[in-house]
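Chain order of the listed sequences is P and Z.
Under the numbering used here, read the first sequence as residues 122 to 235, first letter to last.
Under the numbering used here, read the second sequence as residues 189 to 298, first letter to last.
Positions of the beta carbon are idealized from the N, C-alpha and C atoms, including for glycine.
Reading through the structure tokens given below for one structure.
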Amino acid sequence: DVKVTQSSRYLVKRTGEKVFLECVQDMDHENMFWYRQDPGLGLRLIYFSYDVKMKEKGDIPEGYSVSREKKERFSLILESASTNQTSMYLCASSFPTGANYGYTFGSGTRLTVV
Amino acid sequence: DAKTTQPNSMESNEEEPVHLPCNHSTISGTDYIHWYRQLPSQGPEYVIHGLTSNVNNRMASLAIAEDRKSSTLILHRATLRDAAVYYCILRPAGANNLFFGTGTRLTVIP
Chain P
122 DVKVTQSSRY
132 LVKRTGEKVF
142 LECVQDMDHE
152 NMFWYRQDPG
162 LGLRLIYFSY
172 DVKMKEKGDI
182 PEGYSVSREK
192 KERFSLILES
202 ASTNQTSMYL
212 CASSFPTGAN
222 YGYTFGSGTR
232 LTVV
Chain Z
189 DAKTTQPNSM
199 ESNEEEPVHL
209 PCNHSTISGT
219 DYIHWYRQLP
229 SQGPEYVIHG
239 LTSNVNNRMA
249 SLAIAEDRKS
259 STLILHRATL
269 RDAAVYYCIL
279 RPAGANNLFF
289 GTGTRLTVIP
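So this is what it looks like as structure tokens:
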């Protein structure tokens, strides 16, 4: 079964900490994405990557950065965590857009910043 | 980005067919219609997608209106496991992002 694996299901961090959220996919997908999901706001795109070392900002990149050193791994970094970054974070991957395949999502990481 | 409109919630009896509607009156000719669902405490799961013709797969069927301004996701026999939030999304050809709205929360009654 194809998989997108997020390293943690639940995470609690303190304000000001640097936080790393890891995502690994085993489908050889070129595209990888980070979303956050908040009640009433739906899923919002933070960053995506269409190749190793390539990244593009999504709708809400402020306060976040990303890293993609290997095709299968896409990391989301909160440089200095704040309470308004408490959220569900979802990683996804897909083949290139031209192929028009569906996205495969991970199970999510619920991050609480205290 | 073209917008979709879905009912906030729907109910269905177990083992009955379910028709989940979606309106997308501003759809453009290159927009694909995607459906995803999100089970409780899970990430979204791809269900089906189409462009103009009706589509069937092992999970569901997608019926697309002739003018493409609306579509319907059909679950042929609802099970308790189908209780989820269902999202109808328009994806322009070549677009990298999927814009999720608030979806339809489907409740399946035993």
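When C-alpha distances from cysteine 276 of chain Z are compared across Z:Phe288, Z:Asn196, Z:Asn201 and Z:Asn245, the shortest belongs to Z:Phe288. At least 9 Å separates the beta-carbon of serine 200 of chain Z from that of leucine 278 of chain Z. Residue environment for proline 232 of chain Z: buried (at least 16 other C-beta atoms within 10 angstroms of its C-beta). DSSP places glutamine 206 of chain P in the helix class (H, G or I) of the three-state scheme. At a beta-carbon threshold of 8 Å, none of the residues of chain P lie near proline 195 of chain Z; the nearest stands roughly 16 Å away. Rounded to whole angstroms, alanine 253 of chain Z and leucine 199 of chain P show a C-alpha spacing of 44 Å. The way I'd put it, the segment 221 to 228 of chain P does touch the segment 221 to 231 of chain Z; three or more beta-carbon pairs between them come closer than 8 Å. Residues of chain P whose Cβ lies closer than 7 Å to the Cβ of leucine 286 of chain Z are, in chain order, Tyr224.
Among the residues of chain Z, none has a CB under 8 Å from the CB of tyrosine 168 of chain P; the nearest is roughly 11 Å distant. Within the segment 122 to 133 of chain P, the residues whose Cβ lies closer than 8 Å to any Cβ of chain Z are, in chain order, Val125. Excluding its 5 nearest sequence neighbours in each direction, tyrosine 274 of chain Z has C-beta neighbours in its own chain below 7 Å: Leu208, Trp223, Arg225, Leu261, Gly291, Thr292 and Leu294, listed in chain order. In the DSSP annotation of this structure, the continuous segment of the beta strand (DSSP E) that includes asparagine 201 of chain Z starts and ends at 197 to 201.
Residues of the segment 201 to 222 of chain Z with a C-beta atom less than 8 Å from some C-beta of chain P are Tyr220 and His222, listed in chain order. Within the DSSP secondary-structure output, methionine 175 of chain P pairs in a beta bridge with P:Asp172. In the DSSP secondary-structure assignment, histidine 264 of chain Z is not bridged to any residue. Taking a 10 Å sphere around the C-beta of alanine 281 of chain Z, we find fewer than 16 other C-beta atoms and assign the residue as exposed.
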